[in-house]
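Protein chains in written order, with our numbering: chain A, 6 to 119; chain B, 3 to 115.
Using N, Cα and C, we set each Cβ at its ideal position, and we do this for glycine too.
Below: one structure, written as structure tokens.
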Amino acid sequence: QKEVEQNSGPLSVPEGAIASLNCTYSDRGSQSFFWYRQYSGKSPELIMFIYSNGDKEDGRFTAQLNKASQYVSLLIRDSQPSDSATYLCAVQRNSGAGSYQLTFGKGTKLSVIP
Amino acid sequence: GAGVSQSPSNKVTEKGKDVELRCDPISGHTALYWYRQSLGQGLEFLIYFQGNSAPDKSGLPSDRFSAERTGGSVSTLTIQRTQQEDSAVYLCASSLTYNQPQHFGDGTRLSIL
């Protein structure tokens with residue numbers, strides 16, 4: 006059973022602060038890792054992906070991956086009220102059974118307080 | 003448009019009826035996926051297409067669900083004899099190829115009365 010675990014939140018941070026979102030996964034065969042943002046009533050929007058251990062930065066977003074610990078995180082710097090949404094962590098195998106489908110966590114709800 | 007297009011955006015139907023949901027992927031994307039998201043639940047994988055072939059149908063919940071893809075482009079998800087537990091948002095995603103990031107359409111909200 007492949008599982009992706011996220012704290013459901015809500016995670017509340019003040020405007021301008023760093024928001025830290027965490028995700029753990031159970032399938033050691035996972036090779037690709039994604040963060041999606043989902044506003045209420047909308048579909049998921051890809052914001053970051055990471056394939057290798059370490060950090061990957063894109064604007065205010067940094068994704069961090071530690072395959073040994075089976076841990077992925079997303080940091081949002083200078084958080085804005087418009088960042089308030091549910092953040093979904095997703096993992097993907099690229100070989101073997103169940104390849105290519107994304108396995109999603111249930112998401113962390115982030116609230117940025119003005 | 004440039005994104006994944008799904009239709010209809012909303013569908014209300016009576017229990018026992020058949021429904022067809024359509025997905026038009028991003029042009030040039032060879033991989034196409036169907037997921038569903040039930041109220042308060044996570045996204046659940048249904049089926050994956052590479053071209054017109056479906057190498058992974060493992061997520062289809064019952065034989066009432068089927069899908070096809072033609073011309074390496076448009077896909078249709080069909081649900082026969084709908085049940086109330088089929089009520090969900092059905093999301094389609096596409097990617098350039100199998101190991102590239104997936105981009106989602108706006109979804110079809112299906113309500114079974």
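Residue i burial status per 10 Å Cβ neighbour count (16 or more: buried)
{"i": "residue 14 (chain B)", "result": "exposed"}
{"i": "residue 42 (chain B)", "result": "exposed"}
{"i": "residue 83 (chain A)", "result": "exposed"}
{"i": "residue 10 (chain B)", "result": "exposed"}
{"i": "residue 24 (chain A)", "result": "buried"}
{"i": "residue 44 (chain A)", "result": "exposed"}
{"i": "residue 77 (chain B)", "result": "buried"}
{"i": "residue 118 (chain A)", "result": "exposed"}
C-beta neighbour in chain B for residue i, strict 8 Å
{"i": "residue 30 (chain A)", "result": "no"}
{"i": "residue 54 (chain A)", "result": "yes"}
Short Cβ contact (8 Å threshold) for residue i with residue j
{"i": "residue 32 (chain A)", "j": "residue 7 (chain A)", "result": "yes"}
{"i": "residue 51 (chain A)", "j": "residue 103 (chain B)", "result": "yes"}
{"i": "residue 99 (chain B)", "j": "residue 22 (chain B)", "result": "no"}
{"i": "residue 84 (chain B)", "j": "residue 114 (chain B)", "result": "yes"}
{"i": "residue 33 (chain B)", "j": "residue 96 (chain B)", "result": "yes"}
{"i": "residue 27 (chain A)", "j": "residue 78 (chain A)", "result": "yes"}
Limits of the unbroken beta strand (DSSP E) element including residue i
{"i": "residue 81 (chain A)", "result": "76–81"}
{"i": "residue 93 (chain B)", "result": "90–97"}
{"i": "residue 41 (chain A)", "result": "35–43"}
{"i": "residue 28 (chain B)", "result": "Premise fails: residue 28 (chain B) is in no beta strand (DSSP E) and is neither H nor E."}
{"i": "residue 59 (chain A)", "result": "59–63"}
8 Å Cβ cutoff, residue i in contact with chain A
{"i": "residue 31 (chain B)", "result": "no"}
{"i": "residue 92 (chain B)", "result": "no"}
{"i": "residue 112 (chain B)", "result": "no"}
{"i": "residue 103 (chain B)", "result": "yes"}
{"i": "residue 44 (chain B)", "result": "yes"}
{"i": "residue 20 (chain B)", "result": "no"}
{"i": "residue 26 (chain B)", "result": "no"}
- Query: At a Cβ cut of 7 Å, what residues of the region 22–52 of chain A count as close to chain B, listed as they run along the chain?
  - Reply: Taking 7 Å as the upper bound on Cβ-Cβ separation, chain B lies near residues 37, 39, 48, 49 and 51 of the region 22–52 of chain A.
Exercise for the section: Identify each residue in the region 85–116 of chain A for which the Cβ-Cβ distance to at least one residue of chain B is less than 9 Å, and report them in chain order. Expected result: Within the region 85–116 of chain A, the qualifying residues are 93, 95, 97, 99, 102, 103, 104, 105, 106, 107, 108, 109, 110, 111 and 112.
task = Could you please tell me which residues of the region 57–89 of chain B, in chain order, have their CB closer than 9 Å to any CB of chain A?
result = From the region 57–89 of chain B, only 57, 58, 60 and 61 have a Cβ closer than 9 Å to chain A.
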